[in-house]
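Numbering (this note's numbering), first residue to last: -7 to 337.
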């Protein structure tokens, strides 16, 4: 980089000297690659896709609401959302197709029929692509009950490999000997590679998946527009640092989590147990929100605390918090069921 001499800084009657301006322009041009992730606004080589302006939640009439919403992000990437009428958690599931196999992330919440809709999407994709057979790999964003409830429907099924939502299972399958510091890869064939990043803290087996083809980062319950329940504060802080470091050199189109609990109103969320969320936040977040989360966590200096941010809230967990959440969830869900399932006139 050029050196600016003191003489160059002389300000004449018409402003800064021409020599200084040339040096300034040179410095700016040399620094530009460090500030831009892509040299041109051409998509960076990522396969484009679309997200809906709104998602189905759970009402206003549950008799009219489908159990699942299936959204085609693009021809090889699908987002499935379970209805709040089926379970108040309303989780998002993801299906990604490669040249040799497909991947399903999570299997749903509550008493849910997941296999039928997954196999329907798989069958339609194979018909469109004129593909006679495509094995299915089932893994989990983490091991909590609202993400593994449909596992039994896929376990011991021909053509399906199910990886349990446990860190030991992930370590063995993807050779992650230095968990959680070591990232792994999931190869779906045809050049479709997913990076698997361990991010415990919400739950011991929490992971993020980065799809190199679309630039989408799937972050489970660790980063999404809602309540980030933290069970291990130290691990969670380290995991967010890990995501920030990974995304510094891997551009992200969208961060997509597994729930929406935040409303469109800044700093306001829906109560736990809410089936119907007509004014909910968008699913996607950006890296700006991730950096903001990292900064808030750093300011806590290792001391857990509940912090409301514009697009999400940090919730450290404890037995007392869990008990209170259970009480609120029961009251809210029971009240909404009377409305959403009632015959409305």
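By construction, the Cβ of each residue, glycine as well, lies at the ideal position given by its N, Cα and C atoms. Keep in mind the model is a prediction, meaning the values are calculated, not measured.
Per DSSP, the continuous beta strand (DSSP E) segment holding residue 61 begins and ends at 60 to 66. Looking at the DSSP output, residue 80 sits in no beta bridge, so it has no partner there. Boundaries for residue 259: no beta strand (DSSP E) harbours it, and the DSSP string shows neither H nor E there. Counting only runs that start and end inside the stretch 250 to 314, the alpha helix (DSSP H) elements of at least 4 residues fall at 279 to 292.
It is roughly 26 Å from the alpha-carbon of residue 302 to the alpha-carbon of residue 323.
Listed in chain order, the non-local C-beta contacts of residue 257 below 8 Å within the same chain comprise 271, local neighbours out to five positions each way being set aside. Between residue 276 and residue 304, the gap from beta carbon to beta carbon reaches 8 Å or more. Residue 125 has its alpha-carbon roughly 45 Å from the corresponding atom of residue 308. Residue 63 and residue 255 have their C-alpha atoms spaced approximately 21 Å apart. In the three-state scheme derived from DSSP, where H, G and I count as helix and E and B as strand, residue 238 is classed as helix.
Per DSSP, reduced to three states, the secondary structure at residue 142 is coil, with no helix or strand assignment. Annotation: the continuous alpha helix (DSSP H) that includes residue 114 extends over 107 to 121. Ranking 179, 218, 220, 221 by CA distance to the CA of residue 201 puts 179 first. Closest by C-alpha distance to residue 316, out of 268, 264, 35, 297, is 264. In the structure shown, the three-state DSSP call for residue 316 is helix. Counting C-beta pairs with one atom in each stretch, the stretch 73 to 85 and the stretch 284 to 298 have fewer than three that are closer than 8 Å, which means they do not touch. If you check the CB distance, residue 93 and residue 145 do not come in under 8 Å. Here residue 176 is bridged, per DSSP, to 188.
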